[in-house]
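A.B. asks: My questions all concern the structure below.
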Amino acid sequence: MKRVTAWCVIATAVACAGGRGVEGAPAPAVSPAIVSKVEVPLAPPSDPLWAGLNLNFEAVVDGQPEAWKLGAGGGLPQGEGGSDRDAHGGVASFRLTAGPDGFGTASVSVDATTLRGKRVSLHGWVKTEVVGGDNAQVWLRVDRRPPAYGTPPVGDPSRAGGWREAVAVVDVPDDAERLTLGPGVVGAGAAWFDDFSIAVEDIPAPHPVVVMGRVIDDAGAPVAGAEVRLVDPQSSSTPAATSGPDGGFRVVTTSGRFGLTAYKAGSVGGFVDTMLVEADIADVRITLPRAGGVLVVGRAVMTDPVPAGTRVNVWPVSANSADLFSFPVAADGTFGGQLPLANEYGARVDAARLTGLASVARAGDRVVIDLEVSVLAPPPPAVADWLTASAIRIATADPDHDLDDLEPLKKIVGKARIVALGEATHGTREFFQLKHRVVRYLVERLGFTVFAIEANQPECRAIHDYVLTGAVDPRHGLDGIHFWTWNTEEVLAMIEWMRAWNADPRHVKKVQFTGFDMQYTDVAAASVAAFVQQVAPGEVALVAPLSDAKAEVRRAAVPAVVARFEQLAKSWRAAAGTAAYELARQDLRVLEQEAAMAAAGAGGYRTRDMAMADNAEWILAHQPKGTGMVVWAHNGHVGVDATSYAAMGSDLRRRFGTGYVVFGFVFGQGSFQAIDGTKGRGDTLREHTLGPAPESDASTPFARVGQPTLVADLRTAPHGVVATWFAAPHPMRDVGAVFSNEANMTSPVALSRAFDAVIYVDKTTRARPLPGGIRPKPAPAPEPPAP
Numbered sequence: 045m046k047r048v049t050a051w052c053v054i055a056t057a058v059a060c061a062g063g064r065g066v067e068g069a070p071a072p073a074v075s076p077a078i079v080s081k082v083e084v085p086l087a088p089p090s091d092p093l094w095a096g097l098n099l100n101f102e103a104v105v106d107g108q109p110e111a112w113k114l115g116a117g118g119g120l121p122q123g124e125g126g127s128d129r130d131a132h133g134g135v136a137s138f139r140l141t142a143g144p145d146g147f148g149t150a151s152v153s154v155d156a157t158t159l160r161g162k163r164v165s166l167h168g169w170v171k172t173e174v175v176g177g178d179n180a181q182v183w184l185r186v187d188r189r190p191p192a193y194g195t196p197p198v199g200d201p202s203r204a205g206g207w208r209e210a211v212a213v214v215d216v217p218d219d220a221e222r223l224t225l226g227p228g229v230v231g232a233g234a235a236w237f238d239d240f241s242i243a244v245e246d247i248p249a250p251h252p253v254v255v256m257g258r259v260i261d262d263a264g265a266p267v268a269g270a271e272v273r274l275v276d277p278q279s280s281s282t283p284a285a286t287s288g289p290d291g292g293f294r295v296v297t298t299s300g301r302f303g304l305t306a307y308k309a310g311s312v313g314g315f316v317d318t319m320l321v322e323a324d325i326a327d328v329r330i331t332l333p334r335a336g337g338v339l340v341v342g343r344a345v346m347t348d349p350v351p352a353g354t355r356v357n358v359w360p361v362s363a364n365s366a367d368l369f370s371f372p373v374a375a376d377g378t379f380g381g382q383l384p385l386a387n388e389y390g391a392r393v394d395a396a397r398l399t400g401l402a403s404v405a406r407a408g409d410r411v412v413i414d415l416e417v418s419v420l421a422p423p424p425p426a427v428a429d430w431l432t433a434s435a436i437r438i439a440t441a442d443p444d445h446d447l448d449d450l451e452p453l454k455k456i457v458g459k460a461r462i463v464a465l466g467e468a469t470h471g472t473r474e475f476f477q478l479k480h481r482v483v484r485y486l487v488e489r490l491g492f493t494v495f496a497i498e499a500n501q502p503e504c505r506a507i508h509d510y511v512l513t514g515a516v517d518p519r520h521g522l523d524g525i526h527f528w529t530w531n532t533e534e535v536l537a538m539i540e541w542m543r544a545w546n547a548d549p550r551h552v553k554k555v556q557f558t559g560f561d562m563q564y565t566d567v568a569a570a571s572v573a574a575f576v577q578q579v580a581p582g583e584v585a586l587v588a589p590l591s592d593a594k595a596e597v598r599r600a601a602v603p604a605v606v607a608r609f610e611q612l613a614k615s616w617r618a619a620a621g622t623a624a625y626e627l628a629r630q631d632l633r634v635l636e637q638e639a640a641m642a643a644a645g646a647g648g649y650r651t652r653d654m655a656m657a658d659n660a661e662w663i664l665a666h667q668p669k670g671t672g673m674v675v676w677a678h679n680g681h682v683g684v685d686a687t688s689y690a691a692m693g694s695d696l697r698r699r700f701g702t703g704y705v706v707f708g709f710v711f712g713q714g715s716f717q718a719i720d721g722t723k724g725r726g727d728t729l730r731e732h733t734l735g736p737a738p739e740s741d742a743s744t745p746f747a748r749v750g751q752p753t754l755v756a757d758l759r760t761a762p763h764g765v766v767a768t769w770f771a772a773p774h775p776m777r778d779v780g781a782v783f784s785n786e787a788n789m790t791s792p793v794a795l796s797r798a799f800d801a802v803i804y805v806d807k808t809t810r811a812r813p814l815p816g817g818i819r820p821k822p823a824p825a826p827e828p829p830a831p
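Printed below as a string of structure tokens:
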């Protein structure tokens, strides 16, 4: 698979949760001569299956299009929207804006059993307020299949009223149970959707098709000697042809969905985004600009020489799905070329027995990627032997057990001011229980007093109030922090322990419960407004837009409020006190961070991690000197290896050096809970179970030790084969909120580069959701999901 892109992001809320790669990024160059057998859609069928879907959005209830709900069943941030009078036809449309994660979507679903073996196409009219108009699309999803998208509408949104037609097509498999459809928007700005219609037809049998065309430069001149490659929807690249003296090429392939890329040294790579090709002949033009773009160069690094014939796939992170370019690795390990402009670039080795993945943010007109590559093979016996001899055995995950078996952790922690605890899934009971035990140890034995979790900073104050005073219901507090992942028996048990610890008068130093995330704005906006009301009632109008229902209005208002806070800082500090001013200013900073993340589009996840590092540092900076803080988040956030992802942990390591110590979590096999990314059911949060990992997996040497739970200080790995193995990338099972399959949750990780120590759990079970607690939002449907 190529990488997480903007439409893959909606695919996860729709099924992974990015955004647009960069403002002004080039649109895919698709010739109007490309044809398929998907023609003008039928009117909505009279079949009762489609009745009540309100496809023209004319029926409105309480300001919302009837039958439509925000979200797509994934429980992730889903944007904001409602009925609007700016219509393509009739009097109403659906207006949608992106949410905190940089995307928004809405959906309805129907029983798919009568559609099995059919092709369904969804046509809709789309208008955007973003220049280029390529941030909105319609989509279809079938159980156990990725969502299908058409080419995003492009062009001047002001022309002809700004309305453009968008199409999505999906083939319904014989085991499908539900079909879900809807609009989607990525990045800043709003989009309007109207006049959806659906066509159902038989799926044509696969047949040979000829893709022919020309590679040209931006002046229309032919480009000879360009390598043209096919790119399938899962973003693997296959050789196709080389353009001739007239720029022409010809490829015989099988009908279906694919895109094409073309590259020649001295030009910027060009592409045709994923399309459905079923006509016997498709005519394509691929443009290679003579200038511009970004020079992306890299070096594949291995212990042994890189095998001859190895190639590396390189891509700009963007809203497109087929801008994947394949480069041969030279004898000295180098690869790369001039690619379309983006804010970030990824690279993955393309070879059957090799693994390696990297991602680098752009900082100028040249990007350098160091791609560490390793062979997919079982670990040397010496690795397991070292673990057997040196790893710390953990007696139990039971958080109420005595802490003596954790005493060896003191040497790993050392003099750290921040101890970070990761997790390989967001839904493993043993991970949560072990983290609870480690938090207890850090508090009871080492004097840590601040706990910080991957949840919205202002919202976590409700739980903070509980652990200090017992005045609120902690279950309501967990519901209010927006993260269903923490709404479990295990996390509640830890919070209850914190309350009991603080209630004991012998414990003078109390434990604080804080958060460092910044994806939601309601509580932060209310806090800022209340502060301004207190210190400067005449300024209330300035902060009123921070609570506006429209995200773009809220975000646009932030800079003026920031300027006023800075201008009047001295007098407002005097009026309210420094502590109150600092807290309100930090809540305003959360609003700044959320707006920056939305504006970053596909780079939003990096923006989020940088903001979380800032917030964690802010929390610690507002504590007495020498305070210890424990951080709870996913492995991907706390890790310090910036090779493939500049995460919060890498930023904290730069700031605190060895004062930041991180424990990563690895597991062998077992169960966990996650949103089901393969089904279109209503309640998609469920248990998933994996068997033993492949022998090449990062967990293999730990499993060979034969202990249920252990801790390894990777900093003490002996030089030679052991240290080399831990420092090399190996496939590792690591999943966040959504699980679709093992391949998608497995990426190469260099353990000792990412983590100081690893906590290994051999067999896992699912975290236990709290009865009645917050859950991922159900997939909207006019009828209950199939059982």
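This note's numbering runs 44 ahead of the 1-based position in the sequence shown. Each residue gets a CB set at the ideal place from its N, CA and C atoms; glycine is no exception.
#1: Closest by CA to T529, which one among V779, E173, K113, P248?
#2: Quick one: what's got a C-beta closer than 6 Å to P250's C-beta in the same chain, skipping five residues either side?
#3: For D442, name the three-state secondary structure that DSSP assigns.
#4: How is the alpha helix (DSSP H) around W769 delimited, first residue to last?
#5: If you draw a straight line from the C-alpha of D658 to the C-alpha of A386, how long is it?
#6: According to DSSP, is E731 part of a helix, a strand, or is it coil?
#7: Under the three-state reduction of DSSP, which class applies to P813: helix, strand or coil?
#8: Are there 16 or more other CB atoms within 10 angstroms of the CB of I247, so buried, or fewer, so exposed?
#9: Would you kindly check if the distance between the Cβ of L159 and the Cβ of L97 is under 8 Å?
#10: Do you know how far the Cα of R163 is from the Cα of V295?
#11: At the level of alpha carbons, what is the spacing between V152 and A366?
#12: To the nearest angstrom, report how far apart W676 and T172 are at their CA atoms.
#13: Between the stretch 693–711 and the stretch 423–431, are three or more C-beta pairs nearer than 8 Å?
#14: Relative to the C-alpha of R617, which candidate in A644, P424, L586, A580 has its C-alpha closest?
#15: What whole-angstrom Cβ distance do V259 and A306 have, given they're in contact under 8 Å?
#16: Along the chain, where does the beta strand (DSSP E) that runs through Q717 open and close?
#17: Does E451 pass the burial test, meaning 16 or more other C-beta atoms within 10 Å, or should it be called exposed?
#18: Compute the beta-carbon to beta-carbon distance between V463 and L486, rounded to the nearest angstrom, for a pair I have assumed lies under 8 Å.
#19: Which complete alpha helix (DSSP H) runs does the stretch 654–689 hold, if anything under 4 residues is left out?
#20: Cβ of R355 within 8 Å of Cβ of F369?
#21: Just list the alpha helix (DSSP H) runs in the stretch 446–496, keeping only unbroken ones of 4 residues or longer that don't cross its boundaries, in chain order.
#22: K81 to M256, Cα distance in whole Å?
#23: Exposed or buried, which one is T513 when buried takes at least 16 other CB atoms within 10 Å?
#24: Determine the direct distance from the alpha carbon of W662 to that of P496, and round the result to whole angstroms.
#25: How would you call I325, buried or exposed, if buried means at least 16 neighbouring beta carbons within 10 angstroms?
#26: Who are the Cβ neighbours of P423 in its own chain at under 7 Å, not counting the five residues just before and after it?
#27: Can you give the Cα-Cα distance for A801 and A220, rounded to whole angstroms?
#28: For L841, list the residues DSSP reports as bridge partners.
#29: Which residues in the same chain have their Cβ closer than 7 Å to the Cβ of A439, if we skip the five residues on either side of it in sequence?
#30: Compute the Euclidean distance between the alpha carbons of G126 and S418, then round it to the nearest angstrom.
#31: Mapping the DSSP letters down to three states, classify A600 as helix, strand or coil.
#32: Determine the burial state of T282: buried for a count of at least 16 other Cβ atoms within 10 Å of its Cβ, exposed for fewer.
#33: Between V312 and L332, is the Cβ-Cβ spacing less than 8 Å?
#34: Is the distance from the Cβ of T808 to the Cβ of T472 below 8 Å?
#35: How long is the line joining the alpha carbons of L536 and Y510, rounded to whole angstroms?
#36: Verify whether the separation of the beta carbon atoms of R397 and L415 is less than 8 Å.
C.D. replies: To lay it out plainly:
#1: Position 485 of the sequence shown, counting from 1, holds the residue named residue 529. That would be V779, whose Cα lies nearest to the Cα of T529.
#2: Locating residue 250 in the sequence shown gives position 206, where the first residue counts as 1. Closer than 6 Å at the Cβ level, and outside the excluded window around P250, lie T298, S299.
#3: Here residue 442 refers to the residue found at position 398 when the sequence shown is read from its first residue. In the structure shown, D442 falls within a coil segment according to DSSP collapsed to helix, strand and coil.
#4: If you number the sequence shown from 1, residue 769 lands on position 725. W769 -> alpha helix (DSSP H) spans 765–771.
#5: Translated into the one-based positions of the sequence shown, residue 658 becomes position 614. Translated into the one-based positions of the sequence shown, residue 386 becomes position 342. Distance between the alpha carbons of D658 and A386 is about 25 Å.
#6: For this step, residue 731 is matched to residue 687 along the sequence shown. DSSP, read as helix, strand or coil, puts E731 in strand.
#7: In the sequence shown, residue 813 corresponds to position 769, counting from 1. In the structure shown, P813 falls within a strand segment according to DSSP collapsed to helix, strand and coil.
#8: Here residue 247 is taken as the residue at index 203 of the sequence shown, counted from 1. Per the 10 Å Cβ criterion, exposed.
#9: Here the question's residue 97 lines up with position 53 in the sequence shown. Here the question's residue 159 lines up with position 115 in the sequence shown. Taking 8 Å as the Cβ cut-off, L97 and L159 do not qualify as a contacting pair.
#10: As a position in the sequence shown, residue 295 is number 251, starting the count at 1. As a position in the sequence shown, residue 163 is number 119, starting the count at 1. For V295 and R163, the gap between their C-alpha atoms comes out near 25 Å.
#11: For this step, residue 152 is matched to residue 108 along the sequence shown. For this step, residue 366 is matched to residue 322 along the sequence shown. In this structure, the straight-line span from the alpha carbon of V152 to that of A366 is close to 28 Å.
#12: The residue labelled residue 676 in the question sits at position 632 within the sequence shown. The residue labelled residue 172 in the question sits at position 128 within the sequence shown. Whole-angstrom Cα-Cα distance: 39 Å.
#13: The stretch 693–711 and the stretch 423–431 do not touch, with fewer than 3 CB-CB distances between them shorter than 8 Å.
#14: As a working note, residue 617 is residue 573 in the sequence shown. Between R617 and the set A644, P424, L586, A580, the nearest pair of CA atoms involves A580.
#15: Start at 1 with the first residue of the sequence shown, and residue 259 comes out as number 215. Start at 1 with the first residue of the sequence shown, and residue 306 comes out as number 262. With 8 Å as the limit, V259 and A306 qualify as a contact, their Cβ atoms being about 5 Å apart.
#16: One-based indexing of the sequence shown puts residue 717 at position 673. Segment 704–720, the beta strand (DSSP E) holding Q717.
#17: Here residue 451 is taken as the residue at index 407 of the sequence shown, counted from 1. Classification of E451: exposed, given that the 10 Å Cβ count is below 16.
#18: One-based indexing of the sequence shown puts residue 463 at position 419. One-based indexing of the sequence shown puts residue 486 at position 442. Indeed, because the Cβ distance is near 6 Å, the residues count as touching under 8 Å.
#19: Taking 4 residues as the minimum length, the alpha helix (DSSP H) runs contained wholly in the stretch 654–689 are 679–682, in order along the chain.
#20: Taking the sequence shown and counting its residues from 1, the one referred to as residue 355 is at position 311. Taking the sequence shown and counting its residues from 1, the one referred to as residue 369 is at position 325. Result no, Cβ atoms of R355 and F369 do not sit closer than 8 Å.
#21: Taking only runs of at least 4 residues, the alpha helix (DSSP H) segments lying wholly in the stretch 446–496 are 453–457, 473–488.
#22: Stepping through the sequence shown from its first residue, residue 81 is reached at position 37. Stepping through the sequence shown from its first residue, residue 256 is reached at position 212. Only weak support exists for where K81 lies, its pLDDT of 40 falling under 50; the value from the coordinates is given anyway. Near 17 Å, if we compare the C-alpha coordinates of M256 and K81.
#23: Your numbering for residue 513 matches position 469 in the sequence shown. By the 16-neighbour rule on beta-carbons within 10 angstroms, T513 is exposed.
#24: Here residue 496 refers to the residue found at position 452 of the sequence shown. Here residue 662 refers to the residue found at position 618 of the sequence shown. It should be pointed out that residue 496 corresponds to Ala in this sequence rather than to Pro. Going by the C-alpha atoms only, they are around 11 Å apart.
#25: Looking up residue 325 in the sequence shown gives position 281. Residue burial is scored here from C-beta neighbours: I325 has fewer than 16 other C-beta atoms within 10 angstroms and is therefore classed as exposed.
#26: Taking the sequence shown and counting its residues from 1, one reaches residue 423 at position 379. For P423, where only same-chain residues beyond five positions count, the Cβ hits under 7 Å are T744, P745, W769.
#27: Mapped onto the sequence shown, residue 801 falls at position 757. Mapped onto the sequence shown, residue 220 falls at position 176. Computed Cα separation, rounded: 44 Å.
#28: Nothing in the structure corresponds to residue 841, since the chain is present only between 45 and 831.
#29: Along the sequence shown, read from residue 1 onward, the residue named residue 439 stands at position 395. Within the same chain, A439 has close Cβ partners H445, D449.
#30: Locating residue 126 in the sequence shown gives position 82, where the first residue counts as 1. Locating residue 418 in the sequence shown gives position 374, where the first residue counts as 1. Each residue's Cα considered, the two are about 50 Å apart.
#31: The residue labelled residue 600 in the question sits at position 556 within the sequence shown. DSSP, read as helix, strand or coil, puts A600 in helix.
#32: Within the sequence shown, the letter at position 238 stands for residue 282. Exposed.
#33: One-based indexing of the sequence shown puts residue 312 at position 268. One-based indexing of the sequence shown puts residue 332 at position 288. Yes, these two residues count as a Cβ contact at 8 Å.
#34: In the sequence shown, counting from the first residue as 1, residue 808 sits at position 764. In the sequence shown, counting from the first residue as 1, residue 472 sits at position 428. The Cβ-Cβ distance between T808 and T472 falls below 8 Å.
#35: Here the question's residue 536 lines up with position 492 in the sequence shown. Here the question's residue 510 lines up with position 466 in the sequence shown. One C-alpha to the other measures close to 12 Å.
#36: Taking the sequence shown and counting its residues from 1, the one referred to as residue 397 is at position 353. Taking the sequence shown and counting its residues from 1, the one referred to as residue 415 is at position 371. Contact: no.
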